[in-house]
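> Take a look at the following structure, please.
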Amino acid sequence: MVAPHVGRSLLEIGSGLGHFAEQFLPRLDRLVVSDFDPYCVEQLRSRFADRDDVDVLQFGLPTDIPLHDPVDTVVMMNVLEHIEDDVAALKSLAAVTKPGGRIVIWVPGYMQLYGDFDRKVGHVTRYTPKTLRATVVGAGLRPQILKPINFLGGIAWWLAVRKGGVGYPDPRLVKIYDRTVVPTTRFLEKLFRPPFGQTVFCVARVPK
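Quick note, in my numbering, the sequence shown goes up one by one and the last residue is 266.
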């Protein structure tokens, strides 16, 4: 879902250990990975030490991002929900994105699914398409794609976390889910737009 919206230069926010960003290297001229956590930044520097086309930054949002040359794409996967001032965070990203460039946002969906797991990992909120649109527009961006995804995952999450009292997803069950339910969900959501989902996906444009 993310790949079709990535250009030739990419800034990833919250890169962790770099597994996701590394998948995009073959299609990029330039990659900038970043994280707030010092351990992750150290691991990123080690992982990409031999790459001249990869830069590693450490910062937390919102801030003036230390990036001199703008990128055409920013990707933030499960990051925005941790930030109190989400509008200011997106403005920080827009400032280092080329006019007409894209900011790809992937966030947990719907406060009805908010539970102990969200609190433990520091989620400030979960979004709906409406609330994420308000945040994106408030930052001066133009939503291009904005929709809920993973409808079946939302139901499973509600049953497990809100009704079942599960504090943290069981890794074994997650693996089974990924192998069986995710392909089915992906197929079904090509046929219809779900009314809600475990996740909300957005591609926003920086005005030219």
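We put the CB at the ideal spot given by N, CA and C, even for glycine. No experiment lies behind these values; they were computed from the predicted model shown.
1. Starting from the C-beta of alanine 153, find all residues in its chain whose C-beta is less than 8 Å away, skip the five residues before and the five after it, and write them out in chain order.
2. Distance, Cα to Cα, leucine 171 vs lysine 149?
3. Can you give me the start and stop residues for the beta strand (DSSP E) that glycine 259 sits inside?
4. Below 8 Å on the Cβ atoms is my guess for phenylalanine 78 versus methionine 135; work out the distance and round it to an integer in Å.
5. Which same chain residues end up closer than 6 Å to aspartate 143 when comparing Cβ atoms and leaving out the 5 residues on each side of it in sequence?
6. Excluding the 5 residues preceding and the 5 following leucine 69 in the sequence, name in chain order all residues of the same chain whose CB lies nearer than 6 Å to its CB.
7. Let me check understanding here. Comparing Cα to Cα, which of Pro166, Leu249 and Arg230 lies closest to tryptophan 216?
8. If you run the structure through DSSP and keep just helix, strand and coil, what is glutamate 70?
9. Who are the Cβ neighbours of valine 145 in its own chain at under 6 Å, not counting the five residues just before and after it?
10. Looking at arginine 184: is its Cβ nearer than 8 Å to the Cβ of aspartate 174?
11. Closer than 6 Å by C-beta to glycine 255: which residues in its own chain qualify, once you throw out the five before and the five after it? Chain order, please.
Looking at the coordinates:
1. Excluding residues within five positions, the ones whose Cβ falls inside 8 Å are Asp122 and Ile123.
2. Here the alpha carbons of lysine 149 and leucine 171 stand approximately 27 Å from one another.
3. Per the sequence shown, residue 259 should be read as phenylalanine rather than glycine. 257 to 263 is the extent of the beta strand (DSSP E) around phenylalanine 259.
4. Contact flag correct, Cβ pair sits at about 6 Å.
5. Taken in chain order, the residues that qualify are Pro120.
6. The beta carbon of leucine 69 is closer than 6 Å to those of Val90, Val129 and Val132 in its chain, skipping five residues each way along the sequence.
7. Considering only alpha carbons, the answer is Pro166.
8. Per DSSP, reduced to three states, the secondary structure at glutamate 70 is strand.
9. The residues Thr193, Gly196 and Ala197, in chain order, have a CB closer than 6 Å to that of valine 145 in the same chain once the five nearest residues on each side in sequence are set aside.
10. Against a cut-off of 8 Å, the Cβ pair of aspartate 174 and arginine 184 comes out as no contact.
11. So the list reads Gly167, Pro206, Ile207, Asn208, Phe209 and Gly212, once near-sequence residues are dropped.
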